[in-house]
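*Asks:* My questions will all concern the structure given below.
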Amino acid sequence: MTSAFKDQMLAGKTAFVAGGSSGINLGIAQALARAGARVGLISRDAGRIEAAAGTIRAAGGSALGLAADVRDFDAVEAALARTRAELGAIDIVVSGAAGNFLAPALGMSANGFKTVVDIDLIGTFNVFRASFAHLNKPGASLIAITAPQAHNAMMFQVHACAAKAGINMMVKCLAMEWGPAGVRVNGISPGPIADTEGMARLAPTAEMEQRYKARLALRDYGDKSDIADTALFLCSDNSRYITGTIIDCDGGSKLGDASADALQPPPRA
Ligand code: HXC
Ligand code: NAP
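Below, the structure written as structure tokens:
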């Protein structure tokens, strides 16, 4: 945890992280645990999610790893029920399970498109919808992990762009419906984050990585800890009046293409 946050500020709270076996979401789960929260994690793969929970326990935290596919509402419900039974009523929910692959629309089957929408968009609805009954409300904080693809159209990602755009609107609708119960719903939109499966798929070579960085205002990838810090803020009292918002933690990705060679100013007369 970075010095910006009080030690153990989530002591006594329970978090549930969907898609927590690796990458950005595991980084969030580990940060929540370091801040004192007990953490339930799910992903499809029993071995991977147990190993992820093991990293938290090895660091002295409390964690339960369960296999559940976010496309299966009943499986998500069962995992939430077990998390509540073993770790206590839930205060924080992070929905970050996702799939992505680069393919042109004409090289993508209907099932390929549907698979990504099912995991990202329907999966987030399933996680949030099933969570509500288990929340230790008011004060509960729900966080969706979205992406710049939600508003920047991108080649070869019609599935992820459509799914993440849907997530952004879902965040706003649920924030309105659940605000009266004291439940906050927000999203985090990470830019390109180093050492993740996402960027390994989108920019697999060093040259592609350099081109990606050149387009960003801050000219560099972010770290998993940047997203974890944003999540800590969104589930702390420091953000108690923030709901229905997407926080762009993206080095300026949302601003568009900042690369110098995209457009050159004409010489001044
Ligand atoms: C075209 C493809 C394809 C590809 C899969 N499909 N890969 N089509 N090009 N490269 C098609 C398959 O042919 C199939 O359609 C359909 O998609 C479902 O494939 P399955 O393998 O059966 O699906 P499943 O086992 O559910 O796996 C889901 C997956 C996979 C999304 C396809 O890649 C996965 O498990 N991903 C999880 C990890 C991941 O993607 N992490 C990165 C998240 S990062 P047919 O018609 O043949 O049945 C991210 C980036 C955000 O989201 C932004 C960063 C800036
Ligand atoms: P990642 O490591 O591949 O994380 C994806 C997670 O989702 C894995 O734990 C995976 O675990 C799980 N998952 C996939 N399908 C699932 C399903 N059907 N049910 C349950 N769990 C499932 O990728 P990442 O790059 O860290 O991305 C994490 C999140 O950040 C995603 O929401 C992504 O869209 C977002 N994001 C990433 C970047 C980036 O730079 N990487 C940028 C913007 C947004 P199993 O395989 O064990 O199921």
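Numbering (numbering that gives the first Met the number 0), first residue to last: 0 to 268. Ideal placement from N, C-alpha and C gives every residue a C-beta, glycine not left out.
Below 6 Å, is the gap between the Cβ of THR82 and the nearest heavy atom of ligand 2?
*Replies:* What you label residue 82 is simply residue 83 of the sequence shown in a count that begins at 1. No, since every heavy atom of ligand 2 falls outside the 6 Å radius drawn around the Cβ of THR82.
*Asks:* Determine the closest residue to ALA132 out of ALA161, ILE144 and THR82, with distance taken between C-alpha atoms.
*Replies:* Within the sequence shown, numbered from 1, the residue matching residue 132 stands at position 133. With distances taken between Cα atoms, ALA132 lies closest to THR82.
*Asks:* According to DSSP, simplified to helix, strand and coil, what is ALA66?
*Replies:* In the sequence shown, counting from the first residue as 1, residue 66 sits at position 67. Strand at ALA66.
*Asks:* Is GLY98 helix, strand or coil when you go by DSSP?
*Replies:* To locate residue 98, count along the sequence shown from 1; it is residue 99. Coil at GLY98, not helix or strand.
*Asks:* Name the residue from ASP249, ALA216 and GLN209 whose alpha carbon lies nearest to the alpha carbon of THR145.
*Replies:* Residue 145 sits at position 146 when you count from the first residue of the sequence shown. The shortest C-alpha separation from THR145 is found at ASP249.
*Asks:* Ligand 2 heavy atoms versus the CB of GLU76: any closer than 6 Å?
*Replies:* Here residue 76 refers to the residue found at position 77 of the sequence shown. Answer for GLU76: no, Cβ out of range of ligand 2.
*Asks:* Note down, in chain order, each residue of its chain lying with its Cβ closer than 8 Å to the Cβ of LEU254, except the 5 sequence neighbours on either side.
*Replies:* Taking the first residue of the sequence shown as 1, we reach residue 254 at position 255. Closer than 8 Å at Cβ, skipping near neighbours: ALA216.
*Asks:* Sorry if obvious, but does the Cβ on THR114 come closer than 6 Å to a heavy atom of ligand 1?
*Replies:* Your numbering for residue 114 matches position 115 in the sequence shown. Yes, the Cβ of THR114 comes within 6 Å of a heavy atom of ligand 1.
*Asks:* Kindly list the residues whose CB is nearer than 6 Å to the CB of ALA78, restricted to its own chain and excluding five residues on each side of it in sequence; keep chain order.
*Replies:* The count along the sequence shown starts at 1 and reaches residue 78 at position 79. Same-chain partners within the cutoff: ILE41, LEU65 and ALA67.
*Asks:* So LEU141 packs on VAL92, CB below 8 Å; how close in whole Å?
*Replies:* The sequence position of residue 141 within the sequence shown is 142, counting from 1. The sequence position of residue 92 within the sequence shown is 93, counting from 1. Confirmed, Cβ separation roughly 5 Å.
*Asks:* List the DSSP bridge partners of LEU141.
*Replies:* The residue given as residue 141 occupies position 142 in the sequence shown. Bridge partners of LEU141: VAL92 and VAL184.
*Asks:* Provide the residue(s) that pair with ILE118 in DSSP beta bridges, ordered along the chain.
*Replies:* Sequence index remark: in the sequence shown, residue 118 carries index 119 (1-based). Answer is none; ILE118 lacks a bridge partner.
*Asks:* CB of SER269 to nearest heavy atom of ligand 1: below 6 Å?
*Replies:* This structure cannot speak to residue 269, because the chain is shown only from 0 to 268.
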